[in-house]
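Please read the structure below before turning to the comments.
Protein chains: 2
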Amino acid sequence: MHQPSRARELVVLGTASQVPTRERNHNGYLLRWDGLGVLFDPGEGTQRQMTLAGVSASQVDAICITHAHGDHCLGLPGVLQRLSLDGVTGPLPLVHPAGADEYVDRLRSASVYDDRLSVDLRPVAAPGPVLELPGLTVHALPLQHSVPTYGYRLVEPDGRRMLRNLLQDKGIGGADVGRLQREGMLRTPGGVVELADVSEPRPGQRFAFVMDTAPCAEAVALARDADLLVCEATFGDAEADVAAAYGHLTARDAATIAREAGARRLVLTHFSQRYRDTAPLLAQARGVFPDTVVAHDLDRIPVPHRVR
Amino acid sequence: MHQPSRARELVVLGTASQVPTRERNHNGYLLRWDGLGVLFDPGEGTQRQMTLAGVSASQVDAICITHAHGDHCLGLPGVLQRLSLDGVTGPLPLVHPAGADEYVDRLRSASVYDDRLSVDLRPVAAPGPVLELPGLTVHALPLQHSVPTYGYRLVEPDGRRMLRNLLQDKGIGGADVGRLQREGMLRTPGGVVELADVSEPRPGQRFAFVMDTAPCAEAVALARDADLLVCEATFGDAEADVAAAYGHLTARDAATIAREAGARRLVLTHFSQRYRDTAPLLAQARGVFPDTVVAHDLDRIPVPHRVR
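Taken in order, these protein sequences are the chains called Y and F. Counting with this note's numbering, you get residues 1 to 308 for the letters of the first sequence. Counting with this note's numbering, you get residues 1 to 308 for the letters of the second sequence.
Dropping the structure here:
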């Protein structure tokens, strides 16, 4: 029995915070989740970074923006125009803080183009689920920053994993497997087989995206049990006072959130231009939460396989 | 006698037309003219291209936009925000077609930032001079494209070149040289010396920037006797019909404009993504106008030295 291809990975399009560097474009992250693509925080240049990363316009099924600072949204016009040019018609959900409405409006009409893409605006004004995608629900919680900011949590529903040996024992194969999964039971020559007889619970996976914020309970709630947590880590220990002053996280803060939330893997990103070398930030985070990686532009970071 | 440093060059920030490629960012050109910097058509990503090219925010003294298609203006928010962040206070002249006013408005407020830069809006509604810079006048003429579009011509006033040997013969040196240049005459122990006695005419240089347009008389007028002409060359001979259909130039069209205008050097840019190799376009242009070069991202193309 073949499982469908289940590529789940983060395609890193940019890792800079306010100021891009030679090595880092502004933010941009495409979560590839089976056949689905969710683009987060397209900063300036995301359109071209997609080309460099081998991501096509048709791979973007939804966009989520955390807030209206330029490094998180100035790439939106280019992405929307590119999708339109490449024949994507939508409707394309565009999730963003309701408080950023006026900026989203301007970004959608920032230059002249032949707009053939239907955008499904999803302003977020309160915590909770904001978007249903095939096999994923997007939840939002407010973060603590200088402007209205939401973090996102993507939740796959719990399901069941089919057990090949038990299916064989019962003589079930081919299209009957799908029927059993859909209908919960199947009549066979040997009697009625229930789904639970030949499967075991398969917990859904979770992905969390926590950008510009001071440390807060909502960040932990977003990251709760996340298989992959992408978290800003603008600063290192030595600049903890700067982080606090501007409503940002240090790498250590991010790791503390990951540990408190019981996340599985932490991805650090959104680095200040002052850190050409992020190794010290990684070390500071790993001291708190060992399964931490640093994102580099054009990395592809797998979502860890489900725990069996 | 030392001449002041007179670096005159085009810093190429991007050379793509509608779709950026692995090798080409969207448009962006900084004309460095002695101590002055004029940024033309900042497409998306110009901010980072400036970093890659070693151009600082303080080197931008004015911005000229030809029209409101994204590849010519979507980098404006990032550039303005970067200048503001880096302490440039302005007033910064922003020349643009009056017909693009609403887009310029949106681009100036496309995301949240702490705006400390005073922008001196210069909408162009008619042909003529639109901006006086130290030692340069910017003129605008309308081009023929699908949206309001202006090309630009930068003109240095004619001046006089001081002749070192004649100055020495008259015993004139030091601060007296500048006084003679400013006042036109100087009393010396040997009598009155007039500027014309110790100098010769030095014709001013001219720079022309011709973007998206069908071939037209205005393009030739902009390029008249230009020392450096930067011209779109979106297509090659084989796509001449596409160029005509969309109001664009072929490389051959650009060369024809340069030849008719008596320009000195032609720079081709704004290439369609279909041309990974621009050598055929260069060959087509050189057949018409030999002193043609192809712009590559991050090139620095000198303005040819003055003809003596």
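Glycine is no exception: its CB is placed at the ideal position from the N, C-alpha and C atoms.
- Taken through DSSP and simplified to helix, strand or coil, F/Val-288 comes out as coil.
- Excluding sequence positions up to five before and after F/Arg-8, its CB lies within less than 6 Å of the CB of Trp-33 and Val-303, all in the same chain and listed in chain order.
- F/Glu-200 carries a strand assignment under DSSP once its states are collapsed to helix, strand and coil.
- Taking the Cα of F/Leu-282 as reference, the smallest distance to any Cα among F/Val-267, F/Ile-257, F/Gly-191 and F/Gly-37 is reached at F/Val-267.
- Within chain Y, the residues Pro-20 and Glu-44 have their CB atoms less than 7 Å from the CB of F/Gln-47, given in chain order.
- Note that the C-beta distance between F/Tyr-103 and Y/Val-112 is below 8 Å.
- Distances from the CA of F/Gln-47 to each of F/Arg-82, F/Pro-97, F/Ala-226 and F/Arg-24 were compared; the closest alpha carbon is that of F/Arg-82.
- For the C-beta of Y/Pro-302, not a single chain F residue is nearer than 7 Å; the gap to the nearest is close to 24 Å.
- The stretch 187–197 of chain Y makes no contact with the stretch 126–139 of chain Y, as fewer than three CB pairs between them are under 8 Å.
- Distances from the alpha-carbon of Y/Arg-206 to those of Y/Arg-306, Y/Pro-77 and Y/Leu-85 put Y/Arg-306 closest.
- Secondary structure note for Y/Arg-252: its alpha helix (DSSP H) is the uninterrupted segment 251–261.
- Among the residues facing chain Y, F/Ser-272 is not included, as its CB has no counterpart in that chain under 8 Å away.
- Of the candidates Y/Ala-258, Y/Val-177, Y/Met-211 and Y/Leu-85, Y/Met-211 places its Cα closest to the Cα of Y/Pro-42.
- In this structure, the alpha-carbon of F/His-67 lies about 11 Å from that of F/Val-124.
- Taking each of F/Val-193, F/Pro-157, F/Gly-151 and F/Pro-148 in turn and checking the Cα distance to F/Lys-170, the smallest one comes out for F/Val-193.
- Inclusion of F/Arg-122 and F/Leu-92 in the CB contact set at 8 Å is not warranted, their separation being larger than that value.
- Bounds of the beta strand (DSSP E) holding Y/Thr-137 are 136–142.
- Here F/Glu-200 has Arg-160, Arg-161 and Leu-163 as same chain residues with Cβ atoms under 8 Å from its own Cβ, once five neighbours each way along the sequence are excluded.
- Taken atom to atom, the span from the alpha-carbon of F/Arg-264 to that of Y/Glu-239 is near 54 Å.
- In terms of Cβ geometry, Y/Arg-106 and F/Arg-106 form a close pair [threshold 8 Å].
- By the Cβ neighbour-count rule, F/Glu-232 is buried, with 16 or more other Cβ atoms within 10 Å of its own.
- Its chain contains Leu-107, Arg-108, Ala-110 and Ser-111 as the residues whose beta carbon lies nearer than 8 Å to that of Y/Pro-77, once the 5 sequence neighbours on both sides are disregarded; these appear in chain order.
- Within a 10 Å sphere around the beta-carbon of Y/Arg-116 sit fewer than 16 other beta-carbons, which makes this residue exposed.
- As computed with DSSP, Y/Arg-300 is found in a beta bridge with Y/Val-11.
- Listed in chain order, the positions of the stretch 52–73 of chain Y with a beta carbon within less than 9 Å of a beta carbon of chain F are Leu-52, His-67, Ala-68, His-69, Gly-70, Asp-71, His-72 and Cys-73.
- Annotation: F/Leu-36 to F/Leu-10 spans about 12 Å, alpha carbon to alpha carbon.
- Taking a Cβ-Cβ cut-off of 7 Å, the neighbours of Y/Leu-107 in chain F comprise Ala-110, given in sequence order.
- With its beta carbon at least 8 Å from every one in chain Y, F/Val-11 lies outside the interface.
- For the pair Y/Val-220 and Y/Ala-261, the CB atoms are nearer than the 8 Å cut-off.
- DSSP places F/Met-211 in no beta strand (DSSP E); its state is neither H nor E.
- Take the alpha-carbon of F/Leu-39 and the one of Y/Glu-44: they are about 18 Å apart.
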